[in-house]
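Asker:
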Ligand code: MN
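Numbering (the numbering used here), first residue to last: 4 to 267.
#1: On the criterion of 16 or more Cβ atoms from any shown chain inside 10 Å, does residue 28 qualify as buried, or is it exposed?
#2: Touching or not, the segment 91-107 and the segment 185-192, by the rule of three or more beta carbon pairs under 8 Å?
#3: My output table needs one value for residue 198: the three-state DSSP class, helix, strand or coil.
#4: By the 10 Å Cβ neighbour count, where 16 or more other Cβ atoms means buried, how is residue 81 classified, buried or exposed?
#5: Under the criterion of a Cβ to heavy atom distance below 7 Å, does residue 97 qualify as lining the ligand MN?
#6: Which residue comes first and which comes last in the alpha helix (DSSP H) that contains residue 161?
#7: To the nearest angstrom, how far is the alpha carbon of residue 247 from that of residue 208?
#8: By the DSSP assignment, the alpha helix (DSSP H) with residue 117 in it spans what residues?
#9: When the Cα of residue 18 is compared with those of 93, 53 and 52, which residue comes out closest?
#10: With a threshold of 6 Å on Cβ separation, who are the neighbours of residue 196 within its own chain once the five nearest residues in sequence on each side are excluded?
#11: Is the beta carbon of residue 154 less than 8 Å from the beta carbon of residue 175?
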């Protein structure tokens, strides 16, 4: 069976590109060549978690591997509690340069708002990542701002009747018990962007209003209640910002109605 998720070859970015119209989305196309891996293996591998408010809120865990980002969508987000097993749906590999993206996907696949929720480096706890993926058991260590320590992604059995394209996509994300595990609800405790401490509405408000005023996020389906609330909050922020008189361009610059300082 041709299941690209199980194949030994790296999943190319075809699926990522096929789902997106780069004339309409600010997401990176992944044209940039990945950093050369041939000379020596890099010591550090990038990882990130993007909190993605699309038709449903979820957290996209991405691990750099062979120049792309292996990706899993975790609806509940990561849990630091080693007793939790959170569903993680393997999604298509993303281009490396997607990993720092934070912004608005105006329409089409994944339409909504993307927040860079955590990033850092990761290390496989296995010799061969491809073999671990094929086996369905990838142990790894994260060193981010919010997520640290040892984790595992375990593939689960497909439920009967799972369509061919969805087979092998169902995994669980589990925190190993270690110094960094605990009962703290990290998604509630640290809900904001690791880039600028903004929330979804701040990300939206920072974008060109035309994107969402005329385009409306989530044209692929009805926008979720949460997304509608975020859009409303962002609109309020923009209105308030426009109402507030511009502060002086520079505090050090002298206002026009004041006498110029005496020459020394
Ligand atoms: Mn997503």
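The C-beta atom is built at its ideal place from N, Cα and C for all residues, glycine as well.
Answerer: From the atom records:
#1: Residue 28 is buried by the Cβ-count criterion.
#2: Proximity of the segment 91-107 to the segment 185-192 falls short of the contact definition, fewer than three beta-carbon pairs being nearer than 8 Å.
#3: coil
#4: It counts as buried.
#5: no
#6: It is not in any alpha helix (DSSP H) - residue 161 carries neither H nor E in the DSSP assignment.
#7: Separation of residue 247 and residue 208 (C-alpha to C-alpha, rounded to the nearest whole angstrom) is 15 Å.
#8: No alpha helix (DSSP H) holds residue 117; the beta strand (DSSP E) holding it covers 115-127.
#9: 93
#10: 118 and 119
#11: Their beta carbons are not under 8 Å apart, which means residue 154 does not touch residue 175 by this criterion.
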